[in-house]
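Chemist: Read top to bottom, the protein sequences are chains A and B.
Heads up: the first sequence begins at 54 in our numbering, then just goes up one per residue.
Heads up: the second sequence begins at 41 in our numbering, then just goes up one per residue.
One structure is given below, represented as structure tokens, and several questions about it will come after.
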Amino acid sequence: MTGLLRRYSIRVRLIALAVLPLVLIAIVAFVSVAGVSS
Amino acid sequence: MAAAEKSALSTSVDNQSTDLKYQAADWNGWQTAYAFDVIRGVKNATADTATSRAPFLASRAQLDKKLADMSATPGLPGAEALAAVKAFHEVDAQVFAAYNLGTPAGAAQANDLVLTTEITNHTTIATALESLGAAASDRAAADAAASDAARSKVAVLVVLVVLGVLVVSLLGVLLVGVVVALVIRSITTPLTQLRARLCEIADGEGDLTVRVDEQGNDEVTSISVLVN
Chain A
54 MTGLLRRYSI RVRLIALAVL PLVLIAIVAF VSVAGVSS
Chain B
41 MAAAEKSALS TSVDNQSTDL KYQAADWNGW QTAYAFDVIR GVKNATADTA
91 TSRAPFLASR AQLDKKLADM SATPGLPGAE ALAAVKAFHE VDAQVFAAYN
141 LGTPAGAAQA NDLVLTTEIT NHTTIATALE SLGAAASDRA AADAAASDAA
191 RSKVAVLVVL VVLGVLVVSL LGVLLVGVVV ALVIRSITTP LTQLRARLCE
241 IADGEGDLTV RVDEQGNDEV TSISVLVN
């Protein structure tokens, strides 16, 4: 997995790391809204 | 209409029909009372201001008001009860006229109407209102049960949604944790290896033929290529 990550520059890896929690929050919000609306 | 609202409406129908039943009993009682006053020979017993006739008329006015109020509630007061009230009114007009004839035959006819036809009319009103109330009571119970079932369903759904959100959040946190660990390792491991190699060279004890790992395509790889 580390070898795979090293294909990308450190800058790209850090940006991906910053975006990942936002994606997670979006998924949780979607699940909540879908559950409440059902 | 929601089950809870239906239940409240049915309870209101039940209460109103019971109230109307008691009002009709009061009305019928006062009619018997003023008839009895006539039989007893009370002077002007059929006058609108007489001791028993006046409460009879007041009770009748109250009954009419309640009937008018009930017309706003669906299912009340019920066609059968309404027809019996109307019949009671009509027969009372006959009773009033027969007593006012002032003859024994008229009084006998009025007595007969009060004790048979009007009692029958009152029984019809009471029975109709009772069955209306009983049906409404059953409906209220069924609607209350439906309302409870709907509330339970909502509560289960809320628990499922909360659990779902918790599970997704937990999985997300785990995923982020794993990715963070991998990214940290992907940056620090090659840097540590490179530092160790450079330390060996700096100490003057390093084997210059040993090459640093050039795997990958990042900034550390570029430095490693230069070192090699």
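Virtual Cβ for every residue (Gly too), placed ideally from N, Cα, C.
Quick caveat: nothing in here was measured; it's all calculated off a predicted structure.
1) Check the Cβ of A/ILE80 against every Cβ in chain B and list those closer than 8 Å, keeping chain order.
2) Which bits of chain A does B/ASN257 rub up against, with CB to CB less than 8 Å?
3) Beta carbon of B/ASN257: closer than 8 Å to some heavy atom of the ligand GDP?
4) Given a cut-off of 9 Å on the beta-carbon distance, is the pair B/HIS162 and B/ALA75 in contact?
5) Look at the Cβ atom of B/LEU103, then the Cβ atom of B/GLN134, and state whether they are nearer than 9 Å.
6) Compile a chain-ordered list of the residues in the stretch 216-239 of chain B whose CB is closer than 8 Å to at least one CB of chain A.
7) Is the stretch 56-70 of chain A in contact with the stretch 183-192 of chain B, if contact means three or more CB pairs nearer than 8 Å?
8) Do three or more CB pairs link the stretch 133-151 of chain B to the stretch 77-85 of chain B at distances below 8 Å?
9) Is it the case that the stretch 68-77 of chain A contacts the stretch 146-161 of chain B, given that we only count it when at least three CB pairs across the two stretches are under 8 Å?
10) Assign B/GLY217 to buried or exposed, taking buried as 16 or more other Cβ atoms, counted over all protein chains shown, within 10 Å of its Cβ.
11) Could you tell me the alpha carbon to alpha carbon distance between B/ASP59 and B/LYS83, rounded to whole angstroms?
12) In its own chain, which residues sit with a C-beta less than 7 Å from the C-beta of B/THR72, not counting the 5 before and 5 after it?
13) Going straight from the alpha carbon of A/ARG59 to that of B/VAL194, what length do you get?
14) Using the C-alpha atoms, what's the distance from A/VAL84 back to A/SER90?
15) Around the Cβ of B/VAL267, are there at least 16 other Cβ atoms within 10 angstroms (buried) or fewer (exposed)?
16) From the beta carbon of B/LEU266, is the nearest beta carbon of chain A less than 9 Å away?
17) Contact criterion: CB-CB distance below 9 Å. Does B/VAL201 meet it with respect to chain A?
18) Would B/SER92 be called buried (16 or more neighbouring beta carbons within 10 Å of its own) or exposed?
Modeler: For this structure:
1) VAL208 and GLY212
2) ARG59, ARG60, TYR61 and SER62
3) No copy of the ligand GDP appears in this structure; indeed no ligand is present at all.
4) no
5) no
6) VAL216, VAL219, VAL220, LEU222, VAL223, ARG225, SER226, ILE227, THR229 and PRO230
7) no
8) yes
9) no
10) exposed
11) 33 Å
12) VAL154
13) 49 Å
14) 10 Å
15) exposed
16) no
17) yes
18) buried
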